[in-house]
Each structure stands twice: as C-alpha cells, then as structure tokens.
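A quick write-up on the structure given underneath.
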Amino acid sequence: MDSQLLLQREASTRGLTLTSLCQVGTLPTSQKVACCGGLLETIVAESAQDCTVLLRDATGTVHCAIHGAVSSRYPDVLTAGALLLLRDVTVLVTSGLMRPVLIVCLEHLAALMLPEGPPESSQSHAVGFTSSASPFTELPPQGEEYVSNMCQDTLQEVVHEMPHEICLGPVTSVAATTLPKDSVIPSGFDSDEDCLQLADDF
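All the letters of the sequence shown, read from the start, carry residue numbers 2 to 203 under my numbering.
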C-alpha cells in the first residue's frame, strides 16, 4: 500500500487529520501541528544529543530534528525507509534563511512502521500494536514528568544552510489553503512549551 495512504489511514484511526509536509513547510510562524508524518529518506546530521533527518511524503519534504531520547529508546526510528507518524509536534520557524523544522521528542512519536519487521526498543514491553490489521507499531504515551525533563534539553548542533526544496505538489494552491482547525494547535495549548525554547538555539 502507498505510504501516504498508510499514514492517512493510521491518522484516521486516531481521529486526526493528516497535514501534508508541503503545508508544514509553508507555515509562517512556529506552532504545533496535530498530525503529520512521512518516510525517513536520509539522515542529514547526527550528534550525541539529536539527529536531523529528511522526511518525505507525497507532497514534499521537511527537515526533522529527532531528540536523542527518541533514538535511544527506539533505535530503528532512524532506519531509512521508516514511516513516522507524529502528533502534536512543534514546527520551528526561525527565518527565511532556514526552512521550518519539526522538533520531535518522545511524546510526539505516535506510530512507527519499518521496512521490515517490528521496531527494536530498549523497553520492548511498552510497545504495542494498534491492531492486527495495522502495519504500524503504536508507541505508548510518555509520562508528563519525563517528557517535561526531556524537552528542556537543548539541541546543541544545527544544520546550517539547508537546501531550499520546493513542494512537489501545486505550491500556490497549498500555500493559499487554510489548514483545518483540528490540524494546527496553538503553541500555548499544552504544557510542553519547552520545545519552543529550542528556537533560541536555531
């Protein structure tokens, strides 16, 4: 099945509207997106604290900074070809010199599908499947205290001068489209506002 259809179906099972990466890439300000996702195409930069990857869907690409705690718990999240479904994720918009970046902490990773087999996990007992018919692995919600502590960490390395990539779809129509109300969550909606503090390092 097409990866985009898989993402849309998985988002629908959670009552969420999947926002395309092309729409994410045209957001004018930093904010939270209720649901988006894509295929991990390549690792752009990697450090002990975090990893920057390129996510792609049927409409375009977006850079994604994945916190080290995510890859430590789920090592296969960095596998090329993995499908990531993200929820309530922060989109960091800094300036015209750098494209928007998704900031992914543990609580933002909703589900994961690998090219082959189930994902590895340092806490495999905590990973369950959404249903027998779903190819995705559903990742359990993280404890609020743990999430708060993790998101206070600051990304130390930044990928500079990221290449500007145009959307693969109709740019004008997408840019002019207003996102559904349930697709974008105001930045002050929940308690993980610490993630927006990462802007200081960008």
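Here a beta-carbon is modelled for each residue, glycine too, at the ideal position from N, C-alpha and C.
Just so we're clear, the structure is a prediction, and the values are computed from it rather than from any experiment.
Item, Value
"So what does L86 bridge to, in DSSP terms?", "G38 and A112"
"Can you list the beta strand (DSSP E) stretches of 3 or more residues lying completely in the segment 55 to 81, in chain order?", "62 to 68"
"Taking one C-beta from the segment 36 to 50 and one from the segment 78 to 89 each time, how about it: are there three or more such pairs within less than 8 Å?", "yes"
"Count the other C-beta atoms from every protein chain shown that fall within 10 angstroms of the C-beta of E11, then say buried if there are 16 or more, exposed otherwise.", "buried"
"Quick one: is T53 buried, meaning 16 or more other Cβ sit within 10 Å of its Cβ, or exposed?", "buried"
"How is A49 classed by DSSP in three states: helix, strand or coil?", "coil"
"Whose CA, out of T60, L110, P29 and G97, lies closest to the CA of A66?", "L110"
"Would you report the Cα separation of V105 and R57, rounded to the nearest angstrom?", "15 Å"
"Measure the beta-carbon distance from Q32 to V92 and round it to whole angstroms, keeping in mind my assumption that it falls under 8 Å.", "6 Å"
"Among L113, H64, V25 and Q9, which residue has its Cα nearest to the Cα of L19?", "Q9"
"Leaving aside the five residues before and after G16 along the sequence, list all residues of the same chain whose C-beta is less than 6 Å from its C-beta, in chain order.", "none"
"Does the beta-carbon distance from L84 to S21 come in below 7 Å?", "no"
"Whose CA, out of Y75, L107 and T30, lies closest to the CA of D89?", "L107"
"Compute the beta-carbon to beta-carbon distance between L87 and C36, rounded to the nearest angstrom, for a pair I have assumed lies under 8 Å.", "7 Å"
"Mind checking who T43 pairs with in its DSSP beta bridge?", "L55"
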